[in-house]
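Just so you know, the sequence shown maps onto residues 3 to 207 in the working numbering.
All residues carry an ideal CB built from backbone N, CA and C; glycine is no exception.
Note that the structure is a prediction, hence the values are computed from the model and not measured.
Notes for the one structure printed next.
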Amino acid sequence: MTPEPVVAISAIEHFVYCPRQCALIHGDGVWSDNAHTVRGTRAHRRVDSGRHRTERGKRVLRGIPLWSESLGLTGRADVVEVKGKEIHPVEYKSGTRHGLAADLQLCAQALCLEEMLNVDVPIGSVWYGGPRRRVEVRFTASLRRKVMSVVVAIRDQLLTGELPVAVNDARCRECQLLHHCLPGVTSVSRRIEKYMSEAVFGCGT
Ligand code: SF4
């Protein structure tokens, strides 16, 4: 029996942005940097240092490895703040908020911490470098369900090796894989393939 693939927490953000981007990065191992990823790497230098410290009565732990056996998830928390029994994950983003992507990624980190430490982690924060604002995120039942459904979808994608058709929309201009993916070409070739299947063989793909 093929073992179930372990899902990287970082794949959640990629999948929410574009399922094809997720398949290319996490299934095919394609990677390319653009201005956004370079900025992100720079912004993460401090949190990637792995240096822990005490700030205003809290222990601030950096670069903490995370996993959940029950969900088949693995990754790393930028920062975990610990004050008494309170555990508070913090995710660093160099830009601005884009929908629920960062909230889902942070909630996945909380689910891992809960399983690893056998504690409740009800709330965390995302630091957005664009507006230089820290935004609190509550890990509601609905957000937790969304994380789990995205993880299931990513695992299915990894198991089947499915490469979704290019979205070919505004997301592509900002996408780090634009030059690998060639969304204009792949979406047109997919339409031709579909047309040929319907016209010649009488069936859709
Ligand atoms: S270029 Fe567009 S379709 Fe291709 S991976 Fe990026 S966002 Fe998705």
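Cα-Cα, which of the options is closest to residue i?
{"i": "residue 148", "options": "31, 75, 102 and 179", "result": "102"}
{"i": "residue 95", "options": "152, 67 and 137", "result": "137"}
{"i": "residue 119", "options": "165, 139, 129 and 67", "result": "67"}
{"i": "residue 28", "options": "9, 172, 151 and 175", "result": "9"}
{"i": "residue 15", "options": "45, 77 and 73", "result": "77"}
{"i": "residue 176", "options": "5, 19 and 11", "result": "19"}
{"i": "residue 104", "options": "80, 115 and 121", "result": "80"}
{"i": "residue 186", "options": "168, 201 and 155", "result": "168"}
{"i": "residue 142", "options": "113, 97 and 55", "result": "113"}
{"i": "residue 117", "options": "84, 85 and 72", "result": "72"}
{"i": "residue 55", "options": "34, 84, 33 and 45", "result": "84"}
{"i": "residue 110", "options": "64, 197, 42 and 12", "result": "12"}
{"i": "residue 5", "options": "45, 188 and 162", "result": "162"}
{"i": "residue 17", "options": "151, 36, 7 and 129", "result": "151"}
Taking only three categories from DSSP, how would you classify residue i?
{"i": "residue 65", "result": "strand"}
{"i": "residue 186", "result": "helix"}
{"i": "residue 131", "result": "coil"}
{"i": "residue 200", "result": "helix"}
Would you kindly work out how many angstroms separate the C-alpha atoms of residue i and residue j, rounded to a whole number?
{"i": "residue 133", "j": "residue 90", "result": "21 Å"}
{"i": "residue 62", "j": "residue 184", "result": "42 Å"}
{"i": "residue 39", "j": "residue 173", "result": "15 Å"}
{"i": "residue 156", "j": "residue 125", "result": "24 Å"}
{"i": "residue 70", "j": "residue 200", "result": "44 Å"}
{"i": "residue 171", "j": "residue 58", "result": "45 Å"}
{"i": "residue 140", "j": "residue 99", "result": "16 Å"}
For the beta strand (DSSP E) containing residue i, name the first residue and the last one.
{"i": "residue 39", "result": "Note, residue 39: premise wrong, no beta strand (DSSP E); alpha helix (DSSP H) at 37-45."}
{"i": "residue 90", "result": "88-95"}
{"i": "residue 75", "result": "75-85"}
{"i": "residue 55", "result": "55-57"}
{"i": "residue 99", "result": "Premise fails: residue 99 is in no beta strand (DSSP E) and is neither H nor E."}
Mind checking which residues open and close the alpha helix (DSSP H) that includes residue i?
{"i": "residue 110", "result": "103-119"}
{"i": "residue 148", "result": "143-162"}
{"i": "residue 15", "result": "11-19"}
{"i": "residue 173", "result": "172-175"}
Considering only residues of the same chain and omitting the five flanking positions on each side of residue i, which have a CB-CB separation below 8 Å?
{"i": "residue 115", "result": "68, 79, 82, 89, 91, 121 and 123"}
{"i": "residue 21", "result": "155, 159 and 166"}
Kindly list the residues whose CB is nearer than 6 Å to the CB of residue i, restricted to its own chain and excluding five residues on each side of it in sequence; keep chain order.
{"i": "residue 127", "result": "92, 136 and 138"}
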